[in-house]
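Worksheet for the structure shown next.
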Amino acid sequence: MSGVMLQSCAACGHSWQFRRATCPACGSPSFGEVEAGGGGTVWSVTTVLRAPLPELDVPGGFGIALVKLDEGPRIMCRTAAGLAIGDRVQVAVEDDGMPRAVRAGSELEDAGSG
Ligand SMILES: [Zn+2]
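With the first letter of the sequence shown counted as 1, position 62 gets the number 64 in the working numbering; the numbers rise by one all the way through.
As structure tokens, then:
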């Protein structure tokens, strides 16, 4: 379970992250809430070297990635260093409510780093 909640249109199947009153693709007011599978591809990634909060200040900085979920929406995620555009990742919302992306297949080795 990724913990990433999306809205999905009953009429056309389009999915989006930020809540709306109608489907942004077809305008239908008929949609439901679904949990994303968590699989995605890195759309963009950068390393933040000047942490805005003391708890984010780690040696070598921390990564921020824009991940295109398999369902379609792109979401911002924390990540460890070393990801590149096009990498397959798995996204999950952590206890603090922030989504984190780890390289697909490496969930165990990346857990707790960065
Ligand atoms: Zn629609």
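Beta carbons: idealized from backbone N, C-alpha and C, even for Gly.
Where the beta strand (DSSP E) containing Cys117 begins and where it ends: No information on residue 117 is available, as it lies outside the stretch 3 to 116 that the chain covers here.
Does Val36 pass the burial test, meaning 16 or more other C-beta atoms within 10 Å, or should it be called exposed? In the sequence shown, the residue the question calls residue 36 occupies position 34. Val36 comes out exposed.
What does the alpha-carbon distance come out to for the pair Arg90 and Gly15? In the sequence shown, the residue the question calls residue 90 occupies position 88. In the sequence shown, the residue the question calls residue 15 occupies position 13. So the alpha carbons of these two residues sit roughly 23 angstroms apart.
To the nearest whole angstrom, what separates the beta carbons of Val44 and Gly107, a pair I think is in contact under 8 angstroms? As a working note, residue 44 is residue 42 in the sequence shown. As a working note, residue 107 is residue 105 in the sequence shown. About 14 angstroms separates the two Cβ atoms, so there is no contact after all.
Does ligand 1 have a heavy atom nearer than 8 angstroms to the CB of Phe64? Counting from 1 along the sequence shown, the entry for residue 64 is found at position 62. Incorrect: Phe64 has no Cβ contact closer than 8 angstroms to ligand 1.
So, using beta-carbon positions, are Gly63 and Gly84 closer together than 9 angstroms? The count along the sequence shown starts at 1 and reaches residue 63 at position 61. The count along the sequence shown starts at 1 and reaches residue 84 at position 82. Result no, Cβ atoms of Gly63 and Gly84 do not sit closer than 9 angstroms.
If you measure from the CB of Phe33, is any heavy atom of ligand 1 nearer than 8 angstroms? Reading the sequence shown from its first residue, position 31 is the one you call residue 33. Answer for Phe33: yes, Cβ within range of ligand 1.
Identify, in the order they occur along the chain, each residue of the same chain with its Cβ nearer than 6 angstroms to the Cβ of Asp98, setting aside the five sequence neighbours on each side. The residue you call residue 98 lines up with position 96 of the sequence shown. Within the same chain, Asp98 has no close Cβ partners at all.
Using the Cα positions of Ala82 and Ser10, report the straight-line distance between them to the nearest angstrom. For the purposes of this step, residue 82 is identified with residue 80 of the sequence shown, where counting begins at 1. For the purposes of this step, residue 10 is identified with residue 8 of the sequence shown, where counting begins at 1. Their backbone Cα atoms lie some 30 angstroms apart in a straight line.
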